[in-house]
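Chemist:
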Amino acid sequence: MQLEFFLLLAAALFCIGIYGLITSRNAVRVLMSIELMLNGVNLNLVGFSNFLDHTNIRGQVFSVFVITVAAAEAAVGLAIVLAIYRNRETIDMEQFNLLKW
Amino acid sequence: MNDFFSQTIWLVPLYSLSGALFTLPWSPGIIRQTGPRPAGYISTVMTVIGLVHSLLALRVTVQQPVKYLSFDWLHAANLDIAFELEVSTITVSALVLILGLNFLAKIYAIGYMEMDWGWARFYSMLALFEGGMCTLVLCNSLFFSYVVLEILTLGTYLLIGLWFNQSLVVTGARDAFLTKRVGDLILLMGVVALLPLAGTWNYTELGEWAKTANLSPGVANLLCLALIAGPLGKCAQFPLHLWLDEAMEGPMPATILRNTVVVSTGAWVLIKLQPVLALSPLALSTMIGIGSVTAIGAGLIAIAQIDIKRSLSYSVSAYMGLVFIAVGTQQDDTALRLLFTYAIAMSLLVMSIGSVVLNTITQDLTQYGGLWSRRPISGLAFLVGAAAMVACPPFGCFWILTEMADNLWHTHPTLVGVLLIVNGLTAFSLTREFSLIFGGKPKPMTVRSPEGLWALVLPMTFGMGFALHVPILLDKWNLLPGWENLNFAVATLLVISTFIGAGAAAYIYLTDKIAKPIQLKHKAVQDFFAYDLYTAQIYRVTIIFAVGLVSQIVYWFDRYLVDGVINLFGLATIFSGESLKYNVSGQTQFYFLSILLGVILFVGVICFPFLAQLSVNPVF
């Protein structure tokens, strides 16, 4: 019964990430929320690999990749935030609604 | 050589039609230098060629049995439509009559249209009519009769509308086209319905079929009533008679033809269809009823008119009513003879008043007076025409009317009464016209009114001579009853009615005992007939109102409901596009939310069966 607890924890983490992703006004905090979600996913992957795939632990390999990609993504994300900041001098998400209808 | 002319009788309409084409180059827009006169000369020459051809053919056909020619026109599946011609004494005589009257009218028009530039249009229309009428009398097929009738309807429209810068001409041409069209269209229903029943449109074969045909009364009645409707409109019978009154806006030479032969085209088809019409007693009594009502009504209206052309046009309707009565009582030969004598008399009357109108300008009978001493030829022509039109013993129509009354004497005594009344009324109205124009004192409009040019007088005197010879011709053709066969009672009654009518009119209008203009005690009655029974108003409040209302409703329906539904789709699309674009809010987080909601929905839909199973059969 231990897997369910892992999964529930991961889901809770993921949902907290989603909540942060949608409600944060600070762009950096949005990136942080995305990290939370990715970590929730990693928790899932590790949990599955431990409980369902003892021998090959492919989930752990997956999570290594996810961590790597997440790091790159965060770097690029921060670069984008910086680029926006240079132009607009703010990182408030509410101010970035120029590309509407 | 002899046979040549009767074999090639089908060329006669083609002469006229080629004349119609050859005149067109002299339209003012094409040949700009020489003026329009050659158009008239060419057209007249083509008529003369046709006339000579048909006269030569007549000499041969009189001695020969009826011949039939046939040209294939259309083969389609089971339908073979052939253009069938009948070369008989009657058809070729009709050709001669038509071409002769056309010749007179064209010579007349050379004088009458002197001050007019529209010769090309006018003569080509006349030639089209001539060709159409020649085709009509030659063709022995109901289908092609209908085709020609329709072409002539279009021709009427164009010919009445010759001087189209006058507003009354435009409305008159419109009414003539639509009224005749309505009749023709109902005729088309009859024509189409006849083919499956009889299997042929050939008049001869229709006659054969009608002898043994066994139709249910309902079918026969409807069919025959539809077949009557076409001639009803063509012959200007009640209630489709107003067009002829308004058609008097057209030029006078065309009126000669319209009043004599064009209205007779309908009667010709009616006479040809007589064997079929005899299938339905209802149709016959309808014809008699319409003919009687028209004859008496139009006779009364003619008396109440002050416009000389219109007064004559109602006499036309009255005489066509007599033809309807004759066909309704199955005397087709009498009807044909009446058409012949009537056409000559009426052409003379119209030519006479045309020559008066041309040099006196007004058409108002109350403005005329005292022309007899200065216009003797026109006056004589009018007198001879009037005498030839009513039952005045030696002249043409007397014999035919007597023959008709004689045939009716035992079978339909009331119709003899109708005949007497119509004859008396016509005698009254013609004498009234004569007395008002030629009798009395000159009025300001008629103080100086010279006799017309030779081109007006020549055809008039020709026509007069012909009208005087009609009884001799009838005698030569053995069409006059012998003295021993003549029903003297009927003949006397007719002559008495003529003299009562003519005498009363002469007494009223030639003496000063009664104040002119004459006022009846009942002004309403006088107006009722003077405004031709208020037919225009009747049309306006019935059929025109109904059609107008329906078309407005249909227009509204089309404009707002049909268009509206389609436009609603377009509007809804625009509106949805305009409103849905606000989904693109520009907020990245809103897009994240949309993605999330989409994923949840998608997963929910995919997993729904699984989840539903979970709730029904809990695994735990």
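Residue numbers (the numbering used here), protein chains in the order written: chain A, 1 to 101; chain B, 1001 to 1620.
Even glycine gets a Cβ: it sits at the ideal position worked out from N, Cα and C.
Given the structure is predicted, the values throughout are model-derived calculations rather than measurements.
Please tell me whether residue 1584(B) has its Cβ less than 9 angstroms away from any Cβ of chain A.
Modeler: yes
Chemist: Do you know how far the Cα of residue 1397(B) is from the Cα of residue 1159(B)?
Modeler: 29 angstroms
Chemist: Whose C-alpha, out of 1294(B), 1260(B), 1052(B), 1426(B), is nearest the C-alpha of residue 1391(B)?
Modeler: 1426(B)
Chemist: Measure how close the beta-carbons of residue 1355(B) and residue 1378(B) come, nearest whole angstrom, since I'm counting them as under 8 angstroms.
Modeler: 5 angstroms
Chemist: Would you kindly report the start and end of the unbroken beta strand (DSSP E) that includes residue 1325(B)?
Modeler: No beta strand (DSSP E) holds residue 1325(B); the alpha helix (DSSP H) holding it covers 1308 to 1328.
Chemist: Applying a beta-carbon distance threshold of less than 7 angstroms, which residues of chain B neighbour residue 97(A)?
Modeler: 1585, 1586, 1587
Chemist: Is any beta-carbon of chain A found at less than 9 angstroms from that of residue 1549(B)?
Modeler: At a cut-off of 9 angstroms between beta carbons, residue 1549(B) makes no contact with chain A.
Chemist: If we define contact as Cβ-Cβ less than 9 angstroms, is residue 63(A) a contact residue for chain B?
Modeler: no
Chemist: Where residue 1500(B) and residue 1072(B) are concerned, what is the direct C-alpha to C-alpha distance, given to the nearest angstrom?
Modeler: 55 angstroms
Chemist: Give a yes or no on whether the C-beta atoms belonging to residue 1351(B) and residue 1315(B) are separated by under 9 angstroms.
Modeler: no
Chemist: Might you give, ordered along the chain, the residues of its own chain that have their beta carbon closer than 6 angstroms to the beta carbon of residue 1070(B), omitting 5 neighbours on each side?
Modeler: 1082, 1084
Chemist: So residue 1130(B) packs on residue 1216(B), CB below 8 angstroms; how close in whole Å?
Modeler: The pair is not a contact, with the Cβ atoms about 42 angstroms apart (cut-off 8 angstroms).
Chemist: Tell me whether the stretch 1024 to 1039 of chain B and the stretch 1117 to 1125 of chain B touch, counting them as touching only if at least three CB pairs, one residue from each stretch, are closer than 8 angstroms.
Modeler: yes
Chemist: Is the beta carbon of residue 1418(B) closer than 9 angstroms to that of residue 1295(B)?
Modeler: yes
Chemist: Give, in chain order, every residue of the stretch 5 to 28 of chain A whose Cβ lies closer than 7 angstroms to some Cβ of chain B.
Modeler: 18, 21, 22
Chemist: Among 1098(B), 1006(B), 1105(B), 1260(B), whose alpha-carbon lies nearest the alpha-carbon of residue 1058(B)?
Modeler: 1006(B)
Chemist: Would the beta-carbon of residue 1005(B) be found less than 8 angstroms away from any heavy atom of the ligand ADP?
Modeler: Here there are no bound small molecules, and the ligand ADP is not part of this structure.
Chemist: If the cut-off is 7 angstroms on Cβ atoms, which residues from the stretch 1589 to 1602 of chain B count as contacting chain A, listed in chain order?
Modeler: Those would be 1589, 1592, 1593, 1596, in chain order.
Chemist: Give the secondary structure of residue 1073(B) by DSSP, where H, G and I count as helix, E and B as strand, and everything else as coil.
Modeler: In the structure shown, residue 1073(B) sits in a strand (DSSP, three-state: E or B).
Chemist: Compute the distance between the beta-carbons of residue 1098(B) and residue 1125(B), then report whether it is under 9 angstroms.
Modeler: no
Chemist: Classify residue 1107(B): buried if its beta carbon has 16 or more other beta carbons within 10 angstroms, exposed otherwise.
Modeler: Buried is the label assigned to residue 1107(B), since at least 16 other Cβ atoms lie within 10 Å of its Cβ.
Chemist: Ignore the nearest five residues each way along the sequence and tell me which others in residue 1582(B)'s own chain have a CB closer than 8 angstroms to its CB.
Modeler: Scanning its chain for C-beta atoms nearer than 8 angstroms, with the 5 sequence neighbours on each side dropped, one finds no residue around residue 1582(B).
Chemist: Go ahead and pull the three-state DSSP assignment for residue 1368(B).
Modeler: coil
Chemist: Counting pairs of Cβ atoms below 8 angstroms between the stretch 1280 to 1288 of chain B and the stretch 1321 to 1330 of chain B, do you hit three or more?
Modeler: Using a Cβ-Cβ distance cut-off of 8 angstroms, the stretch 1280 to 1288 of chain B and the stretch 1321 to 1330 of chain B are in contact, since at least three pairs of beta carbons, one from each stretch, lie closer than that value.
Chemist: Return the CA-CA distance between residue 60(A) and residue 72(A), expressed in angstroms with no decimal places.
Modeler: Those two C-alpha atoms are separated by around 19 angstroms.
Chemist: Show which residues of chain B have a CB atom less than 8 angstroms away from the CB atom of residue 37(A).
Modeler: Within chain B, no residue comes near residue 37(A); the closest Cβ sits about 11 angstroms away, beyond 8 angstroms.
Chemist: Jot down the residue ranges of each uninterrupted alpha helix (DSSP H) in the stretch 1356 to 1403 of chain B, minimum 4 residues, whole runs only, in chain order.
Modeler: 1376 to 1389
Chemist: Give a yes or no on whether 9 angstroms exceeds the smallest Cβ distance from residue 93(A) to chain B.
Modeler: yes
Chemist: Tell me, which residues are paired with residue 948(B) by DSSP?
Modeler: This structure does not reach residue 948(B), given that chain B is present from 1001 up to 1620, and the question cannot be answered.
Chemist: Suppose the cutoff is 7 angstroms on Cβ atoms and the five residues either side in sequence are ignored; what does the same chain contact list for residue 1387(B) look like?
Modeler: Hits under 7 angstroms: 1395.
Chemist: Should residue 30(A) be flagged as near chain B, meaning a C-beta pair shorter than 9 angstroms?
Modeler: yes
Chemist: Can you check DSSP and say which residues form a bridge with residue 1141(B)?
Modeler: 1202(B)
Chemist: Kindly list the residues whose CB is nearer than 6 angstroms to the CB of residue 1110(B), restricted to its own chain and excluding five residues on each side of it in sequence; keep chain order.
Modeler: 1040, 1455
Chemist: Would you call the CB atoms of residue 1170(B) and residue 1161(B) closer than 9 angstroms?
Modeler: yes
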